[in-house]
Amino acid sequence: MTTTRLLLTLLLTIPLRLQAAELSVLVDTSTDMPMARFERGRLAEGIHKDIGQALAGAMGRTAVFVALPRKRIVRALEDGGADVLCSYVPEWLNGSFGWSHAFIPITEVLITTRTATRPRSVADVAGQPIGTVLGYSHPELDGMLGKDFIRDDSANSLINLRKLAAGRVRHVVTARFFLDYRQKLGDPVLELHPPLAVKSYMGQCAVSPKGKVKLADVDKAIARLIAANAIPAILARYQ
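Numbering of the sequence shown is given in the numbering used here, commencing with residue 976 and proceeding in unit increments.
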């Protein structure tokens, strides 16, 4: 079932009196495709948009996207500047939010250029710079490497891949889905050792304590998406 047909199916089962309401979905502007692409500061396409629209449709609402830099998303969500922020886990975000059921698969991997010695475990890169995104936390790497987790921050994951291709760093931590998408496009061309899994998550939605929707409503909508097999259908569009 296409995303459009899925949304129509979900909307037909929602009372008409509810269908004029909005769901404001917060999106971090440092996010890259396949998660998000922005045009003039507005979300144009990507997994965040598809999931936001599907979630809103399952609630009988229309999705409205709020694009903000990462350093502003916590305050915006706490103050009710948006209703939800999805594809996160509580360990990544400090704030007083409700957390939905987990429903979005995420795998974080450590990748290494073939010009460097192949690491057999994450511990093998202790004390070496690792390409990371500014403002993103990596509690698993903090736990595995401690003070030997040396961050080399960039504005986004695509810059990190280009730094890796140019030899400016030898290791990068990133989402497996992002890596697969960029390798499919061939930009940049990367010669890598087999990736090392850091951790697999099931992403959730953080729900604003001052937003227009309640956590229970978000969880009911997620249950509907799971029953409709909506998330695998969305992700398949980018594979």
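All C-beta atoms in this analysis are idealised placements derived from N, C-alpha and C, irrespective of residue type, glycine included.
Counting C-beta pairs with one atom in each stretch, the segment 1038–1045 and the segment 1200–1209 have fewer than three that are closer than 8 Å, which means they do not touch. In the DSSP annotation of this structure, the continuous segment of the beta strand (DSSP E) that includes residue 1080 starts and ends at 1079–1087. Considering only 1164, 1147, 1054, the residue with the shortest C-alpha distance to residue 1104 is 1147. Taking residue 1111 as reference, the option from 1149, 1155, 1072 with the minimal CA-CA separation is 1149. Cβ contact annotation for residue 1197 (same chain, cutoff 8 Å, sequence separation greater than five): 1030, 1033, 1075, 1076, 1078, 1180, in chain order.
Straight across, the Cα-Cα distance linking residue 1176 with residue 1080 is about 6 Å. In the DSSP assignment, residue 1023 falls within the unbroken alpha helix (DSSP H) covering 1022–1033. Boundaries of the beta strand (DSSP E) around residue 1060: 1059–1063. The segment 1154–1169 makes no contact with the segment 1058–1066; the number of CB pairs closer than 8 Å stays below 3. Annotation for residue 1000: 1027, 1038, 1040, 1059 place their beta carbon closer than 6 Å to its own, counting only its chain and skipping 5 residues before and after. Taking a 10 Å sphere around the C-beta of residue 1057, we find 16 or more other C-beta atoms and assign the residue as buried.
Residue 1097 counts as buried, since at least 16 other C-beta atoms from the protein chains shown sit within 10 angstroms of its C-beta. Under the three-state reduction of DSSP output, residue 1110 falls in the coil class, being neither helix nor strand. Secondary structure within the segment 1125–1179: the alpha helix (DSSP H) runs of 4 or more consecutive residues, fully enclosed, are 1132–1140, 1151–1160 (chain order).
In this structure, residue 996 lies away from residue 1055, with their beta-carbon atoms at least 8 Å apart.
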